[in-house]
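Asks: First to last, the sequence lines map onto chains A and B. Add 2 to a position in the first sequence, counting from 1, and you land on the number used in my numbering. Add 1 to a position in the second sequence, counting from 1, and you land on the number used in my numbering. Yeah, the Cβ is synthetic: ideal placement off N, Cα and C, and Gly gets one too.
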Amino acid sequence: DAGVTQSPTHLIKTRGQQVTLRCSPKSGHDTVSWYQQALGQGPQFIFQYYEEEERQRGNFPDRFSGHQFPNYSSELNVNALLLGDSALYLCASSFAGGIVSSPLHFGNGTRLTVT
Amino acid sequence: KQEVTQIPAALSVPEGENLVLNCSFTDSAIYNLQWFRQDPGKGLTSLLLIQSSQREQTSGRLNASLDKSSGRSTLYIAASQPGDSATYLCAVLLGGAQKLVFGQGTRLTINP
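1. If you draw a straight line from the alpha carbon of Ser13 (chain B) to that of Thr107 (chain B), how long is it in whole angstroms?
2. Roughly how many whole angstroms lie between the Cα atoms of Gly104 (chain B) and Leu67 (chain B)?
3. By Cβ distance below 6 Å, which residues in the same chain neighbour Arg24 (chain A) in space, the five residues on each side in sequence not counted?
4. Among the residues of its own chain, which have a CB less than 7 Å from the CB of Pro63 (chain A), if the five just before and after it don't count?
5. Enumerate in chain order the residues of its own chain whose CB-to-CB distance from Ser26 (chain A) is below 6 Å, with the five nearest sequence positions on each side excluded.
6. When the Cα of Ser47 (chain B) is compared with those of B:Ser54, B:Arg56, B:Asn33, which residue comes out closest?
7. In angstroms, rounded to a whole number, what distance separates the CA positions of Gly17 (chain B) and Ser86 (chain B)?
8. Compare the C-beta of Gly96 (chain A) with all C-beta atoms of chain B and state if any pair is closer than 9 Å.
9. Run through the DSSP bridge pairs and tell me what Gly68 (chain A) is partnered with.
10. Report the partner residues of Leu48 (chain B) according to the DSSP bridge assignment.
11. Counting only Cβ pairs nearer than 7 Å, list the residues of chain B close to Pro45 (chain A).
12. Let me confirm a value: Pro45 (chain A) is counted as buried when at least 16 other C-beta atoms fall within 10 Å, else exposed. Which label applies?
13. If you measure between the beta carbons of Leu92 (chain A) and Gln39 (chain A), is that distance less than 9 Å?
14. Report, in whole angstroms, the separation of the C-beta atoms of Ala92 (chain B) and Val5 (chain B), which I expect to be a contact under 8 Å.
15. Excluding the 5 residues preceding and the 5 following Ala82 (chain A) in the sequence, name in chain order all residues of the same chain whose CB lies nearer than 7 Å to its CB.
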């Protein structure tokens, strides 16, 4: 049973460019959340997708956008990259099913470096 | 606004010691609290999850407690081993959209 998978594992981009990160949730999960973890910090919530809709959003600018596909996989897009966007981007999946407190399972993340 | 604080930020102890990591949160309206382990450059591995109605959870050498009224949780690690060296993060789950709010972590080093 595959867990949460993210691609790519590492990415180097230049300021001003755009990037797309991908996430496949754990089998049986229907909800995907994205987190940004700067070096030495705890992860910060970006947004969550459920039923192909953005359900909640953290304190991130509109340059951060996402999408969820019918197979529950998800993409995170970041436009007009800034040096400060360099971080580990983590995807977490869970099963909504009316259970608010079901456990979240995390992938290994995508390390984005902006130069 | 929910804030989560972990103390200490870093801890170094000799192998075999028992130790306690602390986590505090400002708003007691949480659904659950999770402790995670993170190895350098890696993702998060869930260690223990305590539902808001529970007081503690145990897994092997790990024991986590939760006191919602005081906004505190502790992670107890017994008989520490060098393989326990990692960053330990606590996070509280807020209602609605399953949003986790994390502390900044405690970087733990176990010396052989």
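Replies: On the basis of the coordinates in this document:
1. In the second sequence, counting from the first residue as 1, residue 13 (chain B) sits at position 12. In the second sequence, counting from the first residue as 1, residue 107 (chain B) sits at position 106. The alpha-carbon of Ser13 (chain B) is positioned some 10 Å away from that of Thr107 (chain B).
2. The sequence position of residue 104 (chain B) within the second sequence is 103, counting from 1. The sequence position of residue 67 (chain B) within the second sequence is 66, counting from 1. Spanning the two alpha carbons is a distance of roughly 15 Å.
3. Position 22 of the first sequence, counted from the first residue, corresponds to residue 24 (chain A). Here the set comprises Ser9, Glu77.
4. For the purposes of this step, residue 63 (chain A) is taken as the residue at position 61 of the first sequence. So no residue of the chain qualifies.
5. Counting from one through the first sequence, the residue named residue 26 (chain A) turns up at place 24. Thr7, Ser75.
6. On the second sequence, position 46 is the one that residue 47 (chain B) refers to. If we check each option's Cα against that of Ser47 (chain B), B:Asn33 comes out closest.
7. The residue you call residue 17 (chain B) lines up with position 16 of the second sequence. The residue you call residue 86 (chain B) lines up with position 85 of the second sequence. Distance between the alpha carbons of Gly17 (chain B) and Ser86 (chain B): 12 Å.
8. If you number the first sequence from 1, residue 96 (chain A) lands on position 94. In the sequence under discussion, the amino acid at residue 96 (chain A) is Ser, which differs from the Gly named in the question. Residue contact with chain B for Ser96 (chain A): present (Cβ-Cβ distance below 9 Å to some residue of chain B).
9. Your numbering for residue 68 (chain A) matches position 66 in the first sequence. A:Leu78.
10. As a working mapping, residue 48 (chain B) is identified with position 47 in the second sequence. Partner(s): none; Leu48 (chain B) has no beta bridge.
11. One-based indexing of the first sequence puts residue 45 (chain A) at position 43. Those are Phe103, listed as they occur along chain B.
12. Numbered from its first residue, the first sequence carries residue 45 (chain A) at position 43. Buried.
13. Within the first sequence, the letter at position 90 stands for residue 92 (chain A). Within the first sequence, the letter at position 37 stands for residue 39 (chain A). Yes.
14. Your numbering for residue 92 (chain B) matches position 91 in the second sequence. Your numbering for residue 5 (chain B) matches position 4 in the second sequence. Their Cβ separation, rounded to whole angstroms, is 7 Å, which keeps Ala92 (chain B) and Val5 (chain B) in contact under 8 Å.
15. Residue mapping note: residue 82 (chain A) aligns to position 80 of the first sequence, counting from 1. Excluding sequence neighbours, Ala82 (chain A) sits near Gly18, Arg65.
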